[in-house]
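Residue 58 in this note's numbering sits at position 58 of the sequence shown, and the numbers go up by one each step. Note that the Cβ used here is the ideal one computed from N, Cα and C, for glycine as well. Taking it in order: structure first as structure tokens, then the write-up.
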Amino acid sequence: FKPFVMNRLVMKGYAHNIKSAKRMAERIRPEVWDILEEVVKDRPVLLNRAPTLHRLGIQAFEPV
């Protein structure tokens, strides 16, 4: 979800450009956690259960 978080940091004015947004995300500032919650809320998380021998090895779920 890092690209989505970086985009939202720039859109909300926490960062001036993508490079500074990337730095903020890597340093895990408090603002990043709030934006991560917003981003994850509407998107499913895909989990790859390796090693897989069939297509049911990938699961999707919505975080709580």
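K22 sits close to M6, with the two beta carbons spaced by under 7 Å. Counting along the chain, V32 sits inside the alpha helix (DSSP H) bounded by residues 30-41. Taking C-beta atoms as the reference points, N48 and I35 fail to come closer than 7 Å. DSSP lists L46 as the beta-bridge partner residues of A60. DSSP places N7 inside the alpha helix (DSSP H), whose first and last residues are 2-11.
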